[in-house]
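A.B. asks: Structure in structure tokens, see below.
Chains as they are written, first to last, in our numbering: chain P, 19 to 237; chain C, 15 to 70.
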């Protein structure tokens with residue numbers, strides 16, 4: 019599906035006008051899909067964190083950490099490909115715009131979440147602390163969504179109304195772009211689900227192994 | 015199909031996506047392999063400990 023999505027982006031998607039970067043505008047399909055899943059990963063982490071705090075079932079903690087880790091990967095892709103699209107469109111690799119800065123902050127929050135976890139050994143304490151952090155961290159998602167719609171930002175808002183007068187680059191999605199965008203989003207969603215499932219299974223084995231090791235040491 | 019002068023940015027961006035996915039996939043496989051090795055090691059230690067106990 020990923021390969022088909024790539025084919026569609028390169029050979030079926032319409033070329034953007036020069037204002038949106040010409041051929042570089044084709045970055046849009048995977049950039050947006052990765053961004054949405056990066057945000058979605060935080061939401062999954064927050065929902066599982068709430069479920070963990072309610073039930074104290076470590077299964078939710080495992081899903082939360084798996085989702086956060088994959089969110090880091092997706093957001094790193096978003097930042098890097100955003101730079102590669104920004105260079106021909108905005109004539110700069112990077113600018114400290116609200117939206118861009120908030121995206122970096124969100125990425126760093128994800129990294130900090132993983133660092134926090136690696137710093138606590140006791141499983142329940144680690145799960146409790148990171149659950150609270152995961153719930154607070156999700157606040158960056160609506161902020162990031164709203165910032166290019168409410169404040170003056172160079173980053174265009176793709177869907178919905180915007181009061182943004184200084185956005186650089188095409189923000190509207192032409193009807194012929196929508197099927198390719200949906201297909202890319204679907205391909206990324208499948209990759210995300212596969213990664214989360216594999217990572218959760220891995221975390222389960224890691225937890226079992228840690229428990230067995232502790233049991234062995236105590237004997 | 016012809017691509018314009020911005021095509022190198024496009025190729026670089028899609029290389030980022032492919033490399034990102036590939037690196038994460040490899041990291042999962044490596045971690046799985048390490049865990050399997052650790053599991054085997056612990057199993058061996060447990061078996062040794064059990065054998066020692068039965069000897070005593």
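Beta carbons are placed, not taken as given, at the ideal position from N, Cα and C, and that holds for glycine.
Nearest to residue 67 of chain P by alpha carbon, out of P:142, P:116, P:79, P:59?
C.D. replies: Here residue 67 of chain P corresponds to residue number 49 of the first chain, with the count starting at 1. Ranking P:142, P:116, P:79, P:59 by Cα distance to residue 67 of chain P puts P:79 first.
A.B. asks: Between residue 165 of chain P and residue 116 of chain P, how many whole angstroms is the CB-CB distance? I'm expecting something under 8 Å.
C.D. replies: Taking the first chain and counting its residues from 1, the one referred to as residue 165 of chain P is at position 147. Taking the first chain and counting its residues from 1, the one referred to as residue 116 of chain P is at position 98. With a Cβ gap of about 5 Å, residue 165 of chain P and residue 116 of chain P count as contacting.
A.B. asks: Could you tell me whether the Cβ atoms of residue 27 of chain C and residue 114 of chain P are closer together than 8 Å?
C.D. replies: Against the second chain, residue 27 of chain C aligns to sequence position 13. Against the first chain, residue 114 of chain P aligns to sequence position 96. No. Outside cutoff.
A.B. asks: Determine contact between the stretch 137 to 155 of chain P and the stretch 54 to 73 of chain P, defined as no fewer than three beta-carbon pairs at a distance below 8 Å.
C.D. replies: Touching, per the Cβ criterion.
A.B. asks: Pull up the distance between the alpha-carbon of residue 62 of chain C and that of residue 46 of chain C, whole angstroms please.
C.D. replies: Counted from its first residue, the second chain places residue 62 of chain C at position 48. Counted from its first residue, the second chain places residue 46 of chain C at position 32. The alpha-carbon atoms of residue 62 of chain C and residue 46 of chain C are separated by roughly 24 Å.
A.B. asks: What did DSSP end up calling residue 166 of chain P once you bin it into helix, strand or coil?
C.D. replies: Here residue 166 of chain P corresponds to residue number 148 of the first chain, with the count starting at 1. The answer is helix: DSSP assigns residue 166 of chain P an H, G or I state.
A.B. asks: What residue range is occupied by the uninterrupted alpha helix (DSSP H) comprising residue 157 of chain P?
C.D. replies: Here the question's residue 157 of chain P lines up with position 139 in the first chain. Note, residue 157 of chain P: premise wrong, no alpha helix (DSSP H); not H, not E.
A.B. asks: Tell me, to the nearest whole angstrom, how far the beta carbon of residue 75 of chain P is from that of residue 18 of chain C; I am working on the premise that it is less than 8 Å.
C.D. replies: In the first chain, residue 75 of chain P corresponds to position 57, counting from 1. In the second chain, residue 18 of chain C corresponds to position 4, counting from 1. With 8 Å as the limit, residue 75 of chain P and residue 18 of chain C do not qualify as a contact, their Cβ atoms being about 53 Å apart.
A.B. asks: Contact criterion: CB-CB distance below 8 Å. Does residue 197 of chain P meet it with respect to chain C?
C.D. replies: The residue given as residue 197 of chain P occupies position 179 in the first chain. By this cut-off, residue 197 of chain P is not an interface position.
A.B. asks: Alpha carbon to alpha carbon, what distance is there between residue 226 of chain P and residue 232 of chain P?
C.D. replies: Stepping through the first chain from its first residue, residue 232 of chain P is reached at position 214. Stepping through the first chain from its first residue, residue 226 of chain P is reached at position 208. So the two alpha carbons sit approximately 10 Å from each other.
A.B. asks: Run through DSSP, which three-state label would residue 80 of chain P get?
C.D. replies: Start at 1 with the first residue of the first chain, and residue 80 of chain P comes out as number 62. DSSP places residue 80 of chain P in helix when its eight states are reduced to three.
A.B. asks: Taking just the CA atoms, how far does residue 154 of chain P sit from residue 60 of chain P?
C.D. replies: Reading the first chain from its first residue, position 42 is the one you call residue 60 of chain P. Reading the first chain from its first residue, position 136 is the one you call residue 154 of chain P. Cα-Cα distance, rounded: 10 Å.
A.B. asks: By the criterion of Cβ-Cβ separation under 8 Å, what are the contact partners of residue 45 of chain P in chain C?
C.D. replies: One-based indexing of the first chain puts residue 45 of chain P at position 27. Going along chain C in sequence order, the residues near residue 45 of chain P (Cβ under 8 Å) are 23, 24, 27, 28.
A.B. asks: Which of the three DSSP states, helix, strand or coil, is assigned to residue 19 of chain P?
C.D. replies: For the purposes of this step, residue 19 of chain P is identified with residue 1 of the first chain, where counting begins at 1. The answer is coil: DSSP assigns residue 19 of chain P none of H, G, I, E or B.
A.B. asks: Can you list the residues of chain C that residue 224 of chain P reaches, using a CB-CB cut of under 7 Å?
C.D. replies: For the purposes of this step, residue 224 of chain P is taken as residue 206 along the first chain, with counting starting at 1. The contacting residues are 49.
A.B. asks: Helix or strand or just coil, what does DSSP make of residue 113 of chain P?
C.D. replies: Mapped onto the first chain, residue 113 of chain P falls at position 95. Residue 113 of chain P: coil per DSSP, three-state reduction.
A.B. asks: Let me make sure I understand the geometry here. Which of P:193, P:212, P:77, P:57 has the alpha-carbon closest to that of residue 86 of chain P?
C.D. replies: As a first step, residue 86 of chain P is located in the first chain; it is residue number 68 there, counting from the start. Comparing Cα-Cα distances from residue 86 of chain P to each of P:193, P:212, P:77, P:57, the minimum goes to P:57.
A.B. asks: Going by Cα to Cα distance, which pick from P:33, P:215, P:101, P:223 is closest to residue 39 of chain C?
C.D. replies: Counting from 1 along the second chain, the entry for residue 39 of chain C is found at position 25. Closest option to residue 39 of chain C, Cα to Cα, is P:215.
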